[in-house]
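Residue numbers (our numbering): 37 to 191. Structure first, commentary second.
Structure below.
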């Protein structure tokens with residue numbers, strides 16, 4: 037029930053007349069505008085009740101406030117420029133790292149192809165050695181047979 041009442045209060049608004057031609061005849065207002073207007077009524081200053089020294093002190097205070105704001109704005113502007121330079125350097129570094137990663141990927145792919153080629157060459161060499169081993173056994177067997185025949189028949 038409370039939620040519904042709050043919803044109605046916020047969406048309906050309270051009729052209020054605004055000074056001048058601010059809303060062009062619109063007489064409804066939001067709850068936020070009402071609370072803002074009630075908290076800070078009229079901020080215009082009436083200088084007629086102040087004497088000259090008070091007016092000068094107020095103007096000096098306003099002048100120092102304006103100078104302080106200008107200094108703060110310049111500081112913020114310089115910080116924003118600094119941040120922009122940092123971001124551009126960061127983007128350059130990211131681009132360079134992207135190139136480095138591309139090169140690394142290419143090198144890894146080349147290394148993988150070279151390892152696969154070396155593996156196939158090693159398999160060919162192993163098969164070649166295996167077939168030569170049988171040939172060596174055959175030759176060694178024939179030599180032993182001739183030696184035995186030569187020793188038995190010649191001796």
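Beta carbons: idealized from backbone N, C-alpha and C, even for Gly.
Scanning its chain for C-beta atoms nearer than 6 Å, with the 5 sequence neighbours on each side dropped, one finds no residue around residue 117. According to the DSSP assignment, residue 87 belongs to no alpha helix (DSSP H), since it is labelled neither H nor E. Annotation for residue 121: no residue places its beta carbon closer than 6 Å to its own, counting only its chain and skipping 5 residues before and after.
Beyond the five residues adjoining it in sequence on each side, residue 161 comes within less than 6 Å, by CB distance, of no other residue in the same chain. It is roughly 10 Å from the alpha-carbon of residue 134 to the alpha-carbon of residue 127.
Here the C-alpha atom of residue 187 lies approximately 21 Å from the C-alpha atom of residue 173. Apart from the 5 residues on each side of it in sequence, residue 130 has no Cβ closer than 8 Å to any other Cβ in its chain.
Non-local C-beta neighbours of residue 89 in its own chain, meaning closer than 8 Å and more than five positions away in sequence, are absent.
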